[in-house]
Every structure is written in structure tokens, then in C-alpha cells.
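Trainee: Here's a structure for you.
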Amino acid sequence: MTIKERYSYVLAYFQQQAPNAETELLYDNPFQLLVAVVLSAQCTDKRVNLTTPALFERFPDAAALSKASVEEVFTLIKSISYPNNKAKHLVGLGKMLVEEFGGEVPMTVEELVKLPGVGRKTANVITSVVDAQPNMAVDTHVFRVSARLGLTQHAKTPLAAEKQLIRHLPKDLVHIAHHWLILHGRYVCTARSPQCISCGLKEVCKFYKKQPANQPTKTTQGK
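Here the sequence shown stands for residues 170 to 392, where the numbers follow our numbering.
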């Protein structure tokens, strides 16, 4: 199977199974999504969604967040992983949005990564989810699933995986392919005990075919 055929097979499967895949983070506008994605680093979306309602009620926009104290924000997000650092990032983020971007969330990766707590992955999420830009955020799920399926080859870093995925994915599907891979990794192709038997992609999955139970049985010649 060529790499082009592999991508075609995988994309056709996801288009049929999850045509409307989207982020599981709850948000009403780009500002809320940005805050939620910053909070989601090394934390589950479920936990973030339980935390953000009170945070957004207290700080509904960048202007309000820019005037917050780190202590105030910490109190509202203390159930999130790394609350000290994230509280500092959010307050700094609010101030920079107001001072440099007129209180609005910029829509380029280059501008977004200037914000405290925002790296390339977060910037790619924001631009792809809000603006459907062809940017691929590679988190642990995307990195694992794309490697197991053979969509990436010998990619040692998220950036290397991102470049390979962008090279082969149709431009108009990049933004939703991000969600396909994340959700598949979250619920089917898990890091531990992946649900290979029930997976609709096992026929083309390099990881599945490498498992001992799926290796061809050697027969003894002459028998």
C-alpha cells in the first residue's frame, strides 16, 4: 500500500464514521477557546469543562482577565494540572491581548505564540478550530495514532509528525483530521490496551499487524 493509498483509506473511514468531529472543549468564542486550550495542557478536556464556567463568568473577556490577580485566577483553576503556572500565563495572556491585539484573539500562529502559555500546538488548535486554517496540532494522541497507522514514518518529534501530516493531507481536511486523530486516540487507539479488535482501521494499521498474535504462522516444510 502506498502512502497515498493509506491516507485515502484512513480519511475515507473517518469521513464516514465521524463527518462532524470537533473539539470536546466547551466554548462560546475565540477567547474562551484560547483559555480552555491553555488550561488543557496535560489535563483532560472533561476536567477543563468542569472548571471553565466559573472562570468565564468571572472573567468573560480579555479586558476582565487582564485586570485579574494571579491569586484570583488560581482559586478558580486550582483543580487543573499546574494551576500556578497556568494562572500566571492566563493573566499575562489577558494583558497582552488587550495591549497588543485590541482585546481580540489574533488568528495567525506567529502572533498567537507570542502570548504567555501559548506554544505552536495551541496556536495550531486555535487557528484550525476557529478559522479552519490548514494547521495540524500534534498532541500525544495525534502523534501516537498517526505513527501506528503509518501516516507518519520515523517522526521523532511533534513538529516532524506535523510536517509529514501536512504534506499528505488534503488542505481542506487538515482542520478536521486533527479531531479525527485525537478522538480516535482518546477512545479507540489508546496508549495502553488499544481497542484493536473493534477498530475499523486495523486492516491497514501497521501497529496492529506487528502484534505477535497477528503474525503469519510459519509452517514446517515437508509436512
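The beta carbon of each residue, even a glycine, is placed where N, CA and C say it ideally should be.
Between which two residues does the alpha helix (DSSP H) harbouring residue 310 extend?
Mentor: Within the sequence shown, numbered from 1, the residue matching residue 310 stands at position 141. Start and end: 309–318.
Trainee: Considering just the uninterrupted stretch of the alpha helix (DSSP H) at residue 221, what are its terminal residues?
Mentor: On the sequence shown, residue 221 is found 52 positions in, with the first residue counted as 1. Unbroken alpha helix (DSSP H) run through residue 221: 214–227.
Trainee: Note down the Cα distance separating residue 331 from residue 381, rounded to an integer number of angstroms.
Mentor: Walking along the sequence shown from the start, residue 331 turns up at place 162. Walking along the sequence shown from the start, residue 381 turns up at place 212. Looking at the two C-alpha atoms, the distance is approximately 30 Å.
Trainee: Which ranges does the alpha helix (DSSP H) cover as unbroken runs of at least 4 residues, wholly within the region 232–289, from first to last along the chain?
Mentor: Listed in chain order, they are 239–246, 252–270 and 278–281.
Trainee: Report all residues from its chain with a CB closer than 8 Å to the CB of residue 243; omit the five preceding and five following residues, and keep chain order.
Mentor: For the purposes of this step, residue 243 is taken as residue 74 along the sequence shown, with counting starting at 1. So the list reads 252, 253 and 256, once near-sequence residues are dropped.
Trainee: Indicate whether the contact test is met: 3 or more Cβ pairs, each with one atom in the region 225–233 and one in the region 334–345, closer than 8 Å.
Mentor: Touching, no.
Trainee: Using CA coordinates, which residue listed in 278, 262 and 175 is at the minimum distance from residue 271?
Mentor: Counted from its first residue, the sequence shown places residue 271 at position 102. When only C-alpha atoms are compared, the closest one is 262.
Trainee: Write down the C-beta distance between residue 311 and residue 369 rounded to the nearest angstrom, noting that I regard them as a contact closer than 8 Å.
Mentor: By one-based count along the sequence shown, residue 311 stands at place 142. By one-based count along the sequence shown, residue 369 stands at place 200. Going by Cβ atoms, the distance from residue 311 to residue 369 rounds to 18 Å, so no, they are not a contact pair.
Trainee: Inspect the beta-carbon positions of residue 290 and residue 308 and report whether they are closer than 8 Å.
Mentor: As a working mapping, residue 290 is identified with position 121 in the sequence shown. As a working mapping, residue 308 is identified with position 139 in the sequence shown. In this structure, residue 308 lies closer than 8 Å to residue 290 by Cβ.
Trainee: State the Cα-Cα distance for the pair residue 171 and residue 235, rounded to the nearest angstrom.
Mentor: Residue mapping note: residue 171 aligns to position 2 of the sequence shown, counting from 1. Residue mapping note: residue 235 aligns to position 66 of the sequence shown, counting from 1. In a straight line, the C-alpha of residue 171 is about 51 Å away from that of residue 235.
Trainee: For the alpha helix (DSSP H) that residue 352 lies in, which residues bound it at each end?
Mentor: Here residue 352 refers to the residue found at position 183 of the sequence shown. Run containing residue 352: 343–356, per the alpha helix (DSSP H) assignment.
Trainee: Here's the rule: buried if 16 or more other CB atoms are within 10 angstroms of the residue's CB, otherwise exposed. What is residue 318?
Mentor: Your numbering for residue 318 matches position 149 in the sequence shown. Burial call: buried.
Trainee: Just verifying my parser: in three-state terms, what is the DSSP assignment at residue 330?
Mentor: On the sequence shown, position 161 is the one that residue 330 refers to. Helix at residue 330.
Trainee: Within the same chain, show all residues whose beta-carbon is closer than 7 Å to that of residue 264, passing over the 5 residues directly before and after it, in chain order.
Mentor: Within the sequence shown, the letter at position 95 stands for residue 264. If we look at residue 264 and ignore the five residues flanking it on each side, its Cβ neighbours are 235.
Trainee: Determine the direct distance from the alpha carbon of residue 202 to that of residue 195, and round the result to whole angstroms.
Mentor: Within the sequence shown, numbered from 1, the residue matching residue 195 stands at position 26. Within the sequence shown, numbered from 1, the residue matching residue 202 stands at position 33. The straight-line gap from Cα to Cα measures roughly 7 Å.
Trainee: In whole angstroms, what is the alpha-carbon distance linking residue 179 and residue 373?
Mentor: The count along the sequence shown starts at 1 and reaches residue 179 at position 10. The count along the sequence shown starts at 1 and reaches residue 373 at position 204. Their backbone Cα atoms lie some 8 Å apart in a straight line.
Trainee: Under a three-way DSSP split, which group does residue 291 fall into?
Mentor: Working through the sequence shown from its first residue, we reach residue 291 at position 122. Of the three classes helix, strand and coil, the one that applies to residue 291 here is helix, per DSSP.
Trainee: Once you ignore the five residues that flank residue 357 on each side, which residues in its own chain have a CB closer than 6 Å to its CB?
Mentor: Here residue 357 refers to the residue found at position 188 of the sequence shown. So the qualifying residues of the chain are 364 and 368.
Trainee: So what's residue 323 in DSSP terms, helix, strand or just coil?
Mentor: Counted from its first residue, the sequence shown places residue 323 at position 154. Residue 323 falls in the coil class under three-state DSSP.
Trainee: Residue 328: buried (16+ other C-beta within 10 angstroms of its C-beta) or exposed?
Mentor: Walking along the sequence shown from the start, residue 328 turns up at place 159. With fewer than 16 Cβ atoms within 10 Å of its Cβ, residue 328 is classed as exposed.
Trainee: With DSSP collapsed to three states, give me the class of residue 171.
Mentor: Indexing the sequence shown from 1 puts residue 171 at position 2. Note: residue 171 maps to coil in three-state DSSP.
Trainee: Would a C-beta distance cut-off of 8 Å place residue 274 and residue 199 closer than the cut-off?
Mentor: Reading the sequence shown from its first residue, position 105 is the one you call residue 274. Reading the sequence shown from its first residue, position 30 is the one you call residue 199. Cβ distance < 8 Å, so residue 274 and residue 199 count as in contact.
Trainee: Measure how close the beta-carbons of residue 177 and residue 212 come, nearest whole angstrom, since I'm counting them as under 8 Å.
Mentor: Position 8 of the sequence shown holds residue 177. Position 43 of the sequence shown holds residue 212. Contact flag wrong, Cβ pair sits at about 35 Å.
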